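Below: the structure, in C-alpha coordinates.
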Amino acid sequence: MHNLINAFPLYKFLKYCNKSSLEKIILDCGAGGSNPPLTLFKEFGYKTYGIEISEEQLEKAKSFCDLKNIDLNIIRGDMKKIPFSDGFSSFLFSYNTSVHMKKGDFLDAISEFYRVLRPGGLCYVNFLSKDCQTYGKGIKVGNGEYIQTEDNKEVLYSHYSEMEAEQNFSGFEIIYKEKRIIQRRINEEEYTSGYLDYILLKK
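Going by the working numbering, the sequence shown opens with residue -17, and the numbers climb by one from there.
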(Lines of atoms letter the chains of each structure in order from A and count residues from 1; the text may use other names and numbers.)
(Lines give C-alpha, C1' and ligand atoms only; values in the text may rest on other atoms or scores of the structure.)
Protein backbone atom coordinates (compact mmCIF):
# COMPACT_ATOMS: atom_id res chain seq x y z
CA MET A 1 0.00 0.00 0.00
CA HIS A 2 1.26 3.46 -0.90
CA ASN A 3 2.39 5.57 2.04
CA LEU A 4 0.85 9.02 1.54
CA ILE A 5 3.28 11.81 2.44
CA ASN A 6 2.38 15.38 3.35
CA ALA A 7 5.12 16.90 1.19
CA PHE A 8 2.87 17.07 -1.88
CA PRO A 9 5.27 19.06 -4.15
CA LEU A 10 7.62 16.08 -4.04
CA TYR A 11 5.18 14.06 -6.14
CA LYS A 12 5.89 16.46 -8.99
CA PHE A 13 9.62 16.19 -8.31
CA LEU A 14 9.29 12.39 -8.51
CA LYS A 15 7.80 12.73 -12.00
CA TYR A 16 10.82 14.74 -13.15
CA CYS A 17 13.22 12.23 -11.58
CA ASN A 18 11.44 9.29 -13.21
CA LYS A 19 12.01 10.85 -16.64
CA SER A 20 15.77 11.09 -16.05
CA SER A 21 18.18 8.45 -17.39
CA LEU A 22 20.43 8.75 -14.33
CA GLU A 23 20.74 5.95 -11.78
CA LYS A 24 17.95 6.00 -9.21
CA ILE A 25 19.89 7.32 -6.21
CA ILE A 26 18.29 10.07 -4.11
CA LEU A 27 19.39 12.04 -1.06
CA ASP A 28 17.07 13.88 1.34
CA CYS A 29 18.70 16.71 3.30
CA GLY A 30 16.51 17.15 6.36
CA ALA A 31 15.19 13.61 6.25
CA GLY A 32 13.85 13.14 9.77
CA GLY A 33 10.32 13.13 11.12
CA SER A 34 7.53 10.67 11.74
CA ASN A 35 6.64 10.18 8.05
CA PRO A 36 9.83 10.53 5.95
CA PRO A 37 9.17 11.62 2.34
CA LEU A 38 11.93 9.24 1.23
CA THR A 39 9.34 6.45 1.43
CA LEU A 40 7.75 7.80 -1.75
CA PHE A 41 10.97 7.29 -3.68
CA LYS A 42 11.66 3.94 -2.03
CA GLU A 43 8.36 2.66 -3.42
CA PHE A 44 9.52 3.59 -6.93
CA GLY A 45 12.75 1.65 -6.66
CA TYR A 46 15.17 4.41 -5.71
CA LYS A 47 18.22 3.83 -3.53
CA THR A 48 17.45 6.23 -0.69
CA TYR A 49 19.78 8.14 1.60
CA GLY A 50 19.03 10.90 4.08
CA ILE A 51 20.72 13.16 6.59
CA GLU A 52 19.15 14.82 9.62
CA ILE A 53 20.82 17.11 12.16
CA SER A 54 18.12 16.88 14.86
CA GLU A 55 18.39 13.85 17.15
CA GLU A 56 14.68 14.11 17.94
CA GLN A 57 13.65 14.06 14.27
CA LEU A 58 16.16 11.32 13.53
CA GLU A 59 14.66 9.12 16.24
CA LYS A 60 11.17 9.68 14.81
CA ALA A 61 12.39 8.54 11.40
CA LYS A 62 14.08 5.48 12.88
CA SER A 63 10.87 4.56 14.73
CA PHE A 64 8.93 4.87 11.47
CA CYS A 65 11.41 2.63 9.64
CA ASP A 66 11.29 0.04 12.43
CA LEU A 67 7.48 0.04 12.37
CA LYS A 68 7.32 -0.33 8.57
CA ASN A 69 10.32 -2.67 8.40
CA ILE A 70 12.12 -0.58 5.78
CA ASP A 71 15.61 0.90 5.61
CA LEU A 72 15.80 4.42 4.19
CA ASN A 73 19.48 4.88 5.17
CA ILE A 74 18.86 8.06 7.21
CA ILE A 75 21.87 9.10 9.28
CA ARG A 76 22.86 12.06 11.41
CA GLY A 77 24.43 14.78 9.30
CA ASP A 78 24.63 18.50 8.61
CA MET A 79 23.54 19.68 5.15
CA LYS A 80 26.13 22.47 5.34
CA LYS A 81 28.77 19.71 5.24
CA ILE A 82 27.15 16.68 3.66
CA PRO A 83 28.95 13.41 4.58
CA PHE A 84 28.94 12.03 1.02
CA SER A 85 31.43 12.28 -1.84
CA ASP A 86 31.29 14.54 -4.89
CA GLY A 87 28.72 13.36 -7.42
CA PHE A 88 27.31 10.78 -5.02
CA SER A 89 23.63 11.26 -5.84
CA SER A 90 21.56 11.64 -9.00
CA PHE A 91 18.73 13.43 -7.23
CA LEU A 92 18.41 15.49 -4.06
CA PHE A 93 15.64 17.29 -2.23
CA SER A 94 15.40 19.51 0.80
CA TYR A 95 11.77 20.10 1.70
CA ASN A 96 10.91 23.00 4.05
CA THR A 97 14.41 23.10 5.55
CA SER A 98 15.24 26.66 4.44
CA VAL A 99 12.22 27.85 6.42
CA HIS A 100 14.00 27.53 9.77
CA MET A 101 17.61 28.20 8.72
CA LYS A 102 19.61 31.41 8.54
CA LYS A 103 19.93 32.47 4.92
CA GLY A 104 23.72 32.31 4.97
CA ASP A 105 23.60 28.76 6.30
CA PHE A 106 21.20 27.65 3.58
CA LEU A 107 23.41 29.20 0.92
CA ASP A 108 26.23 26.99 2.23
CA ALA A 109 23.84 24.02 2.00
CA ILE A 110 22.99 24.76 -1.65
CA SER A 111 26.70 24.73 -2.48
CA GLU A 112 26.87 21.29 -0.91
CA PHE A 113 23.80 20.16 -2.87
CA TYR A 114 25.63 21.10 -6.05
CA ARG A 115 28.77 19.24 -4.97
CA VAL A 116 27.12 15.90 -4.19
CA LEU A 117 24.89 15.88 -7.29
CA ARG A 118 26.00 14.28 -10.52
CA PRO A 119 26.06 16.35 -13.74
CA GLY A 120 22.52 16.39 -15.07
CA GLY A 121 21.19 15.66 -11.60
CA LEU A 122 18.01 17.22 -10.25
CA CYS A 123 17.46 19.13 -7.01
CA TYR A 124 14.23 20.27 -5.33
CA VAL A 125 14.27 23.15 -2.84
CA ASN A 126 11.59 25.46 -1.51
CA PHE A 127 11.40 28.70 0.45
CA LEU A 128 8.91 30.71 2.48
CA SER A 129 7.86 33.73 0.45
CA LYS A 130 7.09 37.17 1.79
CA ASP A 131 3.40 36.41 1.18
CA CYS A 132 3.45 34.20 4.28
CA GLN A 133 1.70 35.62 7.32
CA THR A 134 4.79 34.99 9.45
CA TYR A 135 6.66 37.65 7.47
CA GLY A 136 7.37 40.72 9.58
CA LYS A 137 6.22 39.13 12.84
CA GLY A 138 8.45 38.59 15.84
CA ILE A 139 11.97 39.83 16.47
CA LYS A 140 13.85 40.73 13.30
CA VAL A 141 17.28 39.09 13.25
CA GLY A 142 18.16 39.57 9.57
CA ASN A 143 16.74 40.48 6.18
CA GLY A 144 13.43 38.61 6.10
CA GLU A 145 14.41 36.61 9.18
CA TYR A 146 12.25 36.71 12.31
CA ILE A 147 12.26 34.90 15.64
CA GLN A 148 8.83 33.95 16.95
CA THR A 149 7.87 32.20 20.18
CA GLU A 150 5.82 29.03 19.78
CA ASP A 151 5.02 26.69 22.69
CA ASN A 152 7.59 28.56 24.78
CA LYS A 153 10.31 27.90 22.19
CA GLU A 154 12.03 30.37 19.88
CA VAL A 155 11.47 29.52 16.21
CA LEU A 156 13.24 31.15 13.25
CA TYR A 157 11.31 31.92 10.07
CA SER A 158 13.26 32.97 6.97
CA HIS A 159 11.36 34.58 4.07
CA TYR A 160 12.62 35.14 0.52
CA SER A 161 11.71 37.16 -2.52
CA GLU A 162 11.96 35.33 -5.85
CA MET A 163 15.07 37.30 -6.81
CA GLU A 164 16.69 36.56 -3.47
CA ALA A 165 16.04 32.82 -3.73
CA GLU A 166 17.21 32.54 -7.31
CA GLN A 167 20.49 34.37 -6.83
CA ASN A 168 21.59 31.35 -4.76
CA PHE A 169 21.39 28.91 -7.69
CA SER A 170 24.86 29.32 -9.18
CA GLY A 171 25.64 26.36 -11.44
CA PHE A 172 22.00 25.28 -11.60
CA GLU A 173 19.35 25.83 -14.24
CA ILE A 174 15.77 26.39 -13.08
CA ILE A 175 13.57 23.89 -14.94
CA TYR A 176 10.44 24.27 -12.80
CA LYS A 177 9.20 27.08 -10.61
CA GLU A 178 5.95 27.52 -8.71
CA LYS A 179 4.64 30.16 -6.36
CA ARG A 180 2.08 28.75 -3.91
CA ILE A 181 -0.33 30.56 -1.62
CA ILE A 182 -2.11 28.29 0.85
CA GLN A 183 -5.02 29.42 3.02
CA ARG A 184 -6.17 27.15 5.83
CA ARG A 185 -8.51 27.30 8.79
CA ILE A 186 -7.20 25.73 11.99
CA ASN A 187 -9.23 25.93 15.20
CA GLU A 188 -11.42 28.70 13.76
CA GLU A 189 -8.37 30.78 12.78
CA GLU A 190 -7.30 31.61 9.22
CA TYR A 191 -3.69 30.97 8.24
CA THR A 192 -1.90 32.01 5.05
CA SER A 193 1.34 30.40 3.94
CA GLY A 194 3.38 31.39 0.90
CA TYR A 195 6.02 29.20 -0.76
CA LEU A 196 8.44 29.31 -3.67
CA ASP A 197 9.16 25.86 -5.13
CA TYR A 198 12.03 25.06 -7.51
CA ILE A 199 13.33 22.07 -9.42
CA LEU A 200 16.93 22.67 -10.48
CA LEU A 201 19.16 20.94 -13.01
CA LYS A 202 22.89 20.69 -12.35
CA LYS A 203 24.57 21.88 -15.54
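We put the beta carbon where it would ideally sit given N, CA and C, even for glycine.
Quick caveat, the model's predicted, so the values are computed rather than measured.
Taking C-alpha positions only, Asn0 is separated from Ile121 by approximately 43 Å. Its Cα nearest to that of Phe151, the residue Phe109 stands out among Asn169, Gln115, Asp113, Phe109. Taking a 10 Å sphere around the C-beta of His(-16), we find fewer than 16 other C-beta atoms and assign the residue as exposed. Under the DSSP assignment, Phe46 falls in the alpha helix (DSSP H) whose first and last residues are 37 to 50. With a contact defined as Cβ atoms closer than 8 Å, Tyr28 and Ile8 qualify at about 5 Å. Sequence-distant Cβ neighbours of Arg97 in its own chain, meaning closer than 6 Å and more than five residues away, are Asp68. Counting only runs of 4 or more residues that sit fully inside the region 134 to 164, the alpha helix (DSSP H) segments are 144 to 148, in chain order. From the listed residues Thr21, Tyr117, Ser36, the smallest Cα separation to Gly59 is found for Ser36.
With a cutoff of 8 Å on beta-carbon distance, Phe75 and Tyr31 are scored as not near each other.
In the displayed model, Ile129 falls within a strand according to three-state DSSP. For Asn0, the enclosing alpha helix (DSSP H) has its first and last residue at -9 to 1. Per DSSP, Val81 is not a residue of any beta strand (DSSP E), being assigned neither H nor E.
The three-state secondary structure of Ile92, taken from DSSP, is helix.
Tyr128 is positioned such that its CB atom lies no closer than 8 Å to that of Tyr142. A residue is called buried once 16 or more other Cβ atoms fall within 10 Å of its Cβ, and Phe(-10), having fewer, is exposed. Tyr180 sits buried, since 16 or more C-beta atoms from the chains shown fall within 10 Å of its C-beta. The DSSP-derived three-state label of Thr21 is helix.
In the three-state DSSP reduction, Lys6 falls in the coil class, being neither helix nor strand. Closest in alpha carbon position to Ile33, among Gly103, Lys84, Thr79, is Thr79.
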